[in-house]
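Visitor:
Protein chains: 2
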Amino acid sequence: MSSAESAVETIQREMTIFARRARASAGRMHPELSLVSYTLLGHLEERDGCRATDLAAHYALDKSTVSRQVAALERSGLIERRLDPEDHRVQVLHLTEAGREILAQVTRSRRAAFRERLADWPEDDLARFAAYLERYNAGADGADPD
Amino acid sequence: MSSAESAVETIQREMTIFARRARASAGRMHPELSLVSYTLLGHLEERDGCRATDLAAHYALDKSTVSRQVAALERSGLIERRLDPEDHRVQVLHLTEAGREILAQVTRSRRAAFRERLADWPEDDLARFAAYLERYNAGADGADPD
DNA sequence: TCGTCCAAGTTGTACTGTACAACTAGAACG
DNA sequence: CGTTCTAGTTGTACAGTACAACTTGGACGA
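Protein chains in written order, with numbering that gives the first Met the number 0: chain V, 0 to 145; chain W, 0 to 145.
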């Protein structure tokens, strides 16, 4: 196997290990906000509100899945729906103040966990690792759009 | 935010994106073998057989979860249980020939997908990315052992 | 030898995340 | 108008997971 091939092999293996761990450990860290909910809230914050359909398209989830996630987040008081006056089929989703707080809190704690895990990495390596990950995920857009 | 902090932020975000995608896309690629089953079969191959309890400990899964996964893999004819003659509580799990084949086939196809996704990466970058991932996962051992 | 405790695994139950299909309600356009 | 498209909800099903209760078998001290 060429050295490029063995690097690919390693990347595959390590990404798999990471993926297998991620959900469970995210759940353990934040029982109040699953990885999916966290991602959806983050998206709402970033876009300053959007439609359920947009979330479904962006994350390649079924609209029914998003509908139920959204319903749960609303029940928890983390988001609110605003009927679009232009188009009554549409509900624009917005973070509530509580949602913003929870999101910020979970983000802080996730960030702390990552930071701790990466504490002894030289700054150059952090930057390069970050760039590689971005590039990897960007490259995956075609096959599995985000 | 320092540049190290923003790199950590990016790493967190990108790893999360990746984790969110991984299971779903693994499932789409290989309906016949989930990410978990794949991992368990891989472990059995690597260790040349082990106990259900070992799998549970290694992957931080409940023994009931492993028990059901193992039952399903056995039903599919991918693994077999051999009663330990020394200790009749113990079943040593082994890949069957069919299991070995499926595992090899899925490994090949996963490898091809990764390779394609990484096709235009220079070899140096592949090697560095692989090293970073290994280092990252190794560092996570304490918090979330593998 | 026996009783108690421990270890391996199974089974009952429940919950989450997910998809697909069928449906409702509203919009758009001929 | 009526047809067709779009946004979202609901019914149903399934995978993966955990926890608790249980069964079976081993270990070890009294």
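No residue lacks a Cβ here, since even glycine has one placed at the ideal position from N, Cα and C.
Quick one, which of Tyr-131(V), Ala-51(V), Arg-110(V) has its alpha-carbon nearest Ile-78(V)'s?
Guide: Ala-51(V)
Visitor: Are the C-beta atoms of Ala-126(V) and some chain W residue less than 9 Å apart?
Guide: yes
Visitor: Please report how far the alpha carbon of Val-7(W) lies from the alpha carbon of Arg-134(V), in whole angstroms.
Guide: 15 Å
Visitor: What does Leu-92(W) pair with, by DSSP beta-bridge criteria?
Guide: Cys-49(W), Arg-80(W)
Visitor: Apart from the five residues just before and just after Ile-101(V), which ones in its own chain have a Cβ nearer than 8 Å to its Cβ?
Guide: Glu-31, Leu-32, Leu-40, Leu-77
Visitor: By Cβ distance below 8 Å, which residues in the same chain neighbour Asp-61(W) in space, the five residues on each side in sequence not counted?
Guide: Ala-55
Visitor: Just the chain V side, please: which residues come within less than 8 Å of Ala-6(W) by C-beta, in chain order?
Guide: Glu-122, Leu-125, Ala-126, Phe-128, Ala-129
Visitor: Could you list the residues in the region 22-43 of chain V with a C-beta less than 9 Å from some C-beta on chain W, going in chain order?
Guide: Arg-22, Ala-23, Ser-24, Ala-25, Arg-27, Leu-34, Val-35, Tyr-37, Thr-38, Gly-41
Visitor: Would you identify the three-state DSSP class for Ser-1(W), choosing helix, strand or coil?
Guide: coil
Visitor: Would Ser-2(V) pass as an interface residue toward chain W - the criterion being a Cβ-Cβ separation below 9 Å?
Guide: yes
Visitor: Is there a Cβ from chain W that is less than 9 Å from the Cβ of Ile-101(V)?
Guide: no
Visitor: Taking Cβ positions only, does Thr-52(W) come closer than 9 Å to chain V?
Guide: no
Visitor: From Ala-59(V) to His-29(V), what distance separates their C-alpha atoms?
Guide: 23 Å
Visitor: Please check if any C-beta of chain W sits within less than 9 Å of the C-beta of Thr-9(V).
Guide: yes
Visitor: Quick check: the Cα distance between Thr-146(V) and Ala-129(W), rounded to an integer number of angstroms?
Guide: No information on residue 146(V) is available, as it lies outside the stretch 0 to 145 that chain V covers here.
Visitor: Within 10 angstroms of its Cβ, does Gly-98(V) collect 16 or more other Cβ (buried), or is it exposed?
Guide: Burial call: buried.
Visitor: Who are the near neighbours of Thr-38(V) in its chain, counting only those whose CB is closer than 8 Å to its CB and skipping five residues on each side?
Guide: Tyr-58
Visitor: So, does the CB of His-116(V) fall closer than 9 Å to a CB anywhere in chain W?
Guide: It should be pointed out that residue 116(V) corresponds to Arg in this sequence rather than to His. Yes, contact with chain W.
Visitor: Do you know offhand how far Ser-5(V)'s Cα is from Arg-110(V)'s?
Guide: 31 Å
Visitor: Run through chain V and tell me which residues come within less than 7 Å of Gly-138(W), C-beta to C-beta.
Guide: Arg-116
Visitor: Quick one, which residues of the region 54-73 of chain W are near chain V if we go by CB-CB under 8 Å, in chain order?
Guide: Tyr-58, Ala-59
Visitor: Strictly under 9 Å for the Cβ-Cβ distance: is Leu-132(V) near chain W by that measure?
Guide: yes
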